[in-house]
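FYI, the numbering for the sequence shown is 5 to 258, going by our numbering.
We put the CB at the ideal spot given by N, CA and C, even for glycine.
Here the structure is a predicted model, which is why all the values come from computation and not from measurement.
So the structure is just underneath, and the comments pick up after that.
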Amino acid sequence: MESILQISDLTKVYGFRGNHYPALNGLSLGVGKGEFLGVMGPSGSGKTTLLNIIATIDRGSRGVVMINGQDTQRMRRGDLTRFRREHLGFIFQDYNLLDTLTLRENICLPLSIANQTPAEIKARLSSVTQTFGLHDVLDKFPAQVSGGQKQRAAAARAIISNPTMVLADEPTGALDSSSAKVLLQTLEKMNQSLGITILMVTHDATAASYCNRIVFLKDGRIISELRRAAQQPRRAFFDQILSVVALMGEKEAE
Ligand SMILES: Nc1ncnc2c1ncn2[C@@H]1O[C@H](COP(=O)(O)OP(=O)(O)OP(=O)(O)O)[C@@H](O)[C@H]1O
Ligand SMILES: [Mg+2]
């Protein structure tokens, strides 16, 4: 499998002299093209720190992070902005849609910023609108649509520029269970039909059960990993995830 992300011995220490807090502790992880990877772990285990470093929003203290063969830890700030725009798509818990723009304008924003031609923007918009079933709400503002529709618009915006990888931090965190289900099915479809590589941080075993592989973080390290077998029903994978989560909880209580 072609490698999209290769992390080696990544360490992140927060704080100053005498007051060090290691949030990531020599973490290594490889993600192949077309994977839908879940990152789970207790609060404070380093999930958001890891995601922010992959997102090039933050830097590690030590270690290597290669995305599409490029060493992002050693890129200049100016190059990072462009790299992020060209290679990464983001889905945030609170949607991050701009209130004063319609959903259409929000979705097209990454392409407008990248100075794409109107014809190209129109073609991409029509493709993602179809994927996410957003046709009827394109001219509405975020305040005029449901949470699920906002989140689908955010997902459409994340993939409109054909990114190498989509990063999502608790994307279902603010949704009721039926909107969460629609979003997860959408992510699954993005992954399966469009072959988009997704990395999703989640607390929720149901959300995680849509992934093909889960890594479990504890104290800034990967301590366990689960892979969904070919043809394994989601329900069976969900049960497996729950048992690892329970085991991690027990270890914590020791
Ligand atoms: N800017 C910061 N300065 C100092 N310490 C930080 C900072 N950001 C995070 N930390 C610490 O690093 C550790 C990992 O934090 P992180 O946000 O990555 O955890 P998380 O797994 O995402 O947790 P949660 O599930 O609660 O979102 C925590 O102990 C946190 O307190
Ligand atoms: Mg977090």
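- Of T15, N29, G38, Y25, the smallest CA-CA separation from L9 is found for G38.
- Residue side-chain check: K16 keeps its Cβ at 7 Å or more from all non-hydrogen atoms of ligand 2.
- Around the beta-carbon of T121, fewer than 16 other beta-carbon atoms lie within 10 Å, marking it exposed.
- Across the set Q97, T76, E229, the C-alpha of Q97 shows the shortest separation from the C-alpha of A184.
- As the crow flies, the alpha-carbon of L246 is around 11 Å from that of L230.
- Where N29 is concerned, the enclosing beta strand (DSSP E) starts and stops at 25–36.
- Look at S12 here: in three-state DSSP terms it is strand.
- Annotation: K51 to I218 spans about 12 Å, alpha carbon to alpha carbon.
- Assignment of beta strand (DSSP E) within the region 99–185, counting only whole runs of 3 or more residues, yields 169–173 in chain order.
- Setting aside the 5 residues that flank it on each side, T15 is surrounded in the same chain by P26, L28, N29, G30, G64, S65, R66, G67, each with a C-beta closer than 7 Å to its C-beta; the list follows chain order.
- Those residues having their beta-carbon less than 6 Å away from any non-hydrogen atom of ligand 2 are, in chain order, K51, T52.
- One alpha carbon belongs to R108, the other to K126, and they sit about 10 Å apart.
- Residue pairing from DSSP places T201 in a beta bridge opposite M169.
- In this structure, I202 sits away from L187, with a CB-CB distance that is not shorter than 8 Å.
- The beta carbon of P146 is closer than 6 Å to those of L101, D103, K154 in its chain, skipping five residues each way along the sequence.
- Judged by DSSP secondary structure, F87 falls outside any beta strand (DSSP E) and instead within the alpha helix (DSSP H) spanning 81–91.
- For I61, there is no enclosing alpha helix (DSSP H), since its DSSP letter is neither H nor E.
- Apart from the 5 residues on each side of it in sequence, R88 sits with its Cβ closer than 6 Å to the Cβ of T60 in its chain, given in chain order.
- The beta-bridge partner set that DSSP reports for Q97 is empty.
- At the C-beta level, M70 and F220 stay beyond 8 Å of one another.
- In the three-state DSSP reduction, S213 falls in the coil class, being neither helix nor strand.
- Nearest to A178 by alpha-carbon distance, out of P167, A162, D208, is D208.
- In its chain, beyond the 5 residues on either side, G42, A172 have a beta carbon closer than 6 Å to the beta carbon of M204.
- Measuring C-alpha to C-alpha distances from D62 to each of R128, T76, P46 identifies T76 as the nearest.
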